[in-house]
Structure formats: C-alpha cells, structure tokens
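A.B. asks: All you need for the working numbering is the position in the sequence shown, starting with 1, plus 67. For each residue, glycine too, the CB sits at the ideal point set by N, CA and C.
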Amino acid sequence: MKKIAVIGATGMLGKPVTQQLIDDGFDITILARNTTKAKEAFPTGQVLEADVLDPISLLKSLEGQEAVYISLSPNRNARKSDRMPEREGILNIIDAAKHLGIKRIALLSSLVQNYQGMNGFNWWIFAMKLEAVVAIKKSGIPYSIFYPSTFMESIPRDIIRGNKIMLISGSVAPMWFIAASDYAKQVSKAFSIAGNNNQEYPIQGLEAFDWEQAASIIAKNYKKPLRVMRAPSGMLKFLGNFIQPINYAYHICEALNKYPEKFESEKTWKELGMPSIQLADFIKSL
Numbered sequence: 068m069k070k071i072a073v074i075g076a077t078g079m080l081g082k083p084v085t086q087q088l089i090d091d092g093f094d095i096t097i098l099a100r101n102t103t104k105a106k107e108a109f110p111t112g113q114v115l116e117a118d119v120l121d122p123i124s125l126l127k128s129l130e131g132q133e134a135v136y137i138s139l140s141p142n143r144n145a146r147k148s149d150r151m152p153e154r155e156g157i158l159n160i161i162d163a164a165k166h167l168g169i170k171r172i173a174l175l176s177s178l179v180q181n182y183q184g185m186n187g188f189n190w191w192i193f194a195m196k197l198e199a200v201v202a203i204k205k206s207g208i209p210y211s212i213f214y215p216s217t218f219m220e221s222i223p224r225d226i227i228r229g230n231k232i233m234l235i236s237g238s239v240a241p242m243w244f245i246a247a248s249d250y251a252k253q254v255s256k257a258f259s260i261a262g263n264n265n266q267e268y269p270i271q272g273l274e275a276f277d278w279e280q281a282a283s284i285i286a287k288n289y290k291k292p293l294r295v296m297r298a299p300s301g302m303l304k305f306l307g308n309f310i311q312p313i314n315y316a317y318h319i320c321e322a323l324n325k326y327p328e329k330f331e332s333e334k335t336w337k338e339l340g341m342p343s344i345q346l347a348d349f350i351k352s353l
C-alpha cells in the first residue's frame, strides 16, 4: 500500500506525519481546502483541493487512492450545532472511501477522550471523537486508529506565553508526553505492516508527568527564564459560559488534569518502534 491521501496535512500534527510518509517513500496526495498553504508546506508534493464537508470534492480527490490518513481537530470557536469536520466530515470520507474502494482509513484520535463519562464529565467534543471511531470501525474498511497522549508540541502552542508557563489548577494525573516526530515514525511503520489487518495503537512517550512536574522541566530547560502562572479551573469554567474558546480550554484542561492515564503502549512499541525524544530535550530544542 503506497498511495495515501492525507487530510489535515498542514496542521501541527499533520505536517510531520505527512513529511515522514513522503520521506519513507509513500506516494502522498495532500487534500486541502487551502491549496496555497499546502503547497507552501510541501513544495514538491501533490496537492488537490478538497473539503471534507463537500462530498463531491472528496469523490474527485480520493479517486485512485489506496488509503486515507485523517488528521483533524476541532475549531476552538465551534459549537455543537455547527457542521464539524470530525463528525459530518468523517462520515463523508467514509462514504467516499466505500464508493471508491479505498483499502484503509487511518485516524488520529485521542487517549484523553476516554475521560468522557468519568467524574460526571460530559463534553460534546469528546462524544464526537468517540463517535468517529465507532463510525470508522463500522465502515467495513480496514482501519488504523492512533490514540496519542499529550503532544509535546502543545507546550509552545498553548502553555508557554511570553515569559510565563500558563497552567490550570488541579493537575493530578500524569501524561505520557509524545513528540510529533516520534508519532510520525510510528504512523509510517503502521502503514508499512498493515496488510489487511485492523490496527489500534495507543501512542505514548517515554516519561509521564502531570502539569506541575512538566512545568518544572519546561522552566529548567527553556532558553529563557519562565515563571509559572496558575488560573483556577472554576474561573475558567465560569468564563467559558460566555466565551467559546475559554469553554474549550476549560474542558480540555479539566480532562488532561484528571484523566487517569496508564501506560498501555507495549504493543505499539513492539510493532512500531519506541519513541526517542524526552520532554527535556524537546524543550531545549525550542
């Protein structure tokens, strides 16, 4: 299986996976709404215009492909009533894949989504992600589903703000931080060994830290001095009633702070290889 269409190739997590697949010799076609951005990210790559919320564009752009890799994330301003790439979009991808005889659907999912239903936690974003997994499993198409822990790349994007490390109070559960470049190698390996088998892989890094422990490592290894700022989760929850991005931030932080993640990647490491990047080394590279 060599011909893979990638949806979400220009995102924080899609870009390293796409580049790894290209480097490893897969015949990659990038499907994007913004083809200019995609061509800037991958100047020598094949880019086709497509929108997962437009079934006709998917049928045209997926023709001739053997597999599709999906790397989508919700807009932080999105509301449950909106048409969502991870809901309607994935159903459209499945329909197009069935029509065209696509041989494999691969999905970037999540580990922390399993916090849904714990401690009374109920968030439509996690419900949507879980439903996407169910839909792909029911499609009848062989699948590869990856369930990553917290990506190190979220730290410079979401946690480091100027000279501050921004935390939400209440972090009690460790996360097995994973670097996107390590994940990309595991995805590529999964495609190379897939055959006709269904695949499910937890994706976890070498070390587990809660956010307080991670903040200490960040502060110690970052290129300039940082100080930790903590916001009460209750304040975030209240403000989230009025401001949608804060509502998103409250829910994802609440889940990351409390999801009782356990190490479960023995099979992943055996079949796809061990990660190599530690959190301290990642922070030093920023």
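1. Buried or exposed for M185, please, with buried defined as at least 16 other CB atoms from any protein chain shown within 10 angstroms of its CB.
2. With DSSP as the reference, please indicate the residues paired to Q266 in a beta bridge.
3. For L293, is the classification buried or exposed, using 16 other Cβ atoms within 10 angstroms of its Cβ as the cut-off for buried?
4. At which residues does the beta strand (DSSP E) containing T96 begin and terminate?
5. Got a sec? Which residues, its chain only, sit under 7 angstroms from T85 by beta carbon, not counting five neighbours each side?
6. If you follow the alpha helix (DSSP H) that V197 is part of, which residue opens it and which one closes it?
7. Here's the rule: buried if 16 or more other CB atoms are within 10 angstroms of the residue's CB, otherwise exposed. What is G301?
8. Could you tell me how far apart the beta carbons of S176 and K196 are, in whole angstroms, since I believe they sit closer than 8 angstroms?
9. Pull up the distance between the alpha-carbon of R146 and that of A316, whole angstroms please.
10. Could you pull the DSSP bridge partners for A298 from this structure?
11. From F276, L80, K127 and D348, pick the residue whose C-alpha is nearest to that of K325; which is it?
12. According to DSSP, which residues form a beta bridge with M16?
13. Please report the straight-line C-alpha distance between A117 and K287, rounded to a whole angstrom.
14. Could you tell me which residues DSSP pairs with R171 in its beta bridges?
15. Who are A72's beta bridge partners in DSSP?
16. Give me the DSSP bridge partner(s) of Q113.
17. Using only CA atoms, which one of Y289, M296, K256 and F349 lies nearest to W336?
18. Does M296 pass the burial test, meaning 16 or more other C-beta atoms within 10 Å, or should it be called exposed?
19. What are the boundary residues of the alpha helix (DSSP H) that L125 is part of?
20. Determine whether the beta carbon atoms of Y289 and L353 lie at a separation below 8 angstroms.
21. Could you check which residue in I208, S343 and D121 has the C-alpha nearest to that of A247?
22. How many angstroms separate the CA atom of M233 from the CA atom of I226?
23. Going by the CB atoms, is the gap between P312 and R143 shorter than 8 angstroms?
24. What residue from M341, E198 and A199 has the CA that sits closest to V254's CA?
25. What are the start and end residues of the alpha helix (DSSP H) that includes P312?
26. Below 8 angstroms between beta carbons: does that hold for L139 and P152?
C.D. replies: Taking the geometry as given:
1. M185 is exposed by the Cβ-count criterion.
2. Among the bridge pairs identified by DSSP, Q266 is matched with S211.
3. Looking at its Cβ environment, which holds 16 or more other Cβ atoms inside 10 Å, L293 is buried.
4. T96 -> beta strand (DSSP E) spans D94 to A99.
5. Excluding its 5 nearest sequence neighbours in each direction, T85 has C-beta neighbours in its own chain below 7 angstroms: V73, A76, I95, I97 and F109, listed in chain order.
6. Looking at the sequence itself, residue 197 is Leu, so the reference to Val does not match. W191 to K205 is the span of the alpha helix (DSSP H), which, as asked, contains L197.
7. Of the other Cβ atoms in all chains shown, fewer than 16 fall within 10 Å of the Cβ of G301; this residue is therefore exposed.
8. Yes, they are in contact, since the Cβ atoms of S176 and K196 sit about 6 angstroms apart, within 8 angstroms.
9. In this structure, the CA atom of R146 is about 13 angstroms from the CA atom of A316.
10. Looking at the DSSP assignment, A298 forms a beta bridge with I235.
11. Ranking the options by Cα distance to K325, first place goes to F276.
12. Look at the range of the chain in this structure, 68 to 353, and you will see that residue 16 is not part of it.
13. Between A117 and K287, the C-alpha separation is close to 44 angstroms.
14. According to DSSP, which records beta bridges pairwise, R171 is partnered with A134.
15. For A72, which the question treats as bridged, DSSP gives the partners T96 and V135.
16. T96.
17. It is K256 whose Cα lies nearest to the Cα of W336.
18. Label assigned to M296: exposed.
19. Element bounds for L125: P122 to L129.
20. It is a contact, given that the beta carbons lie within the stated cut-off.
21. Answer by Cα proximity: S343.
22. Looking at the two C-alpha atoms, the distance is approximately 5 angstroms.
23. The answer is yes: Cβ separation under 8 angstroms.
24. The candidate whose alpha carbon is nearest that of V254 is M341.
25. Looking at the DSSP string, the run of the alpha helix (DSSP H) that includes P312 is Q311 to K325.
26. Cβ distance < 8 angstroms, so L139 and P152 count as in contact.
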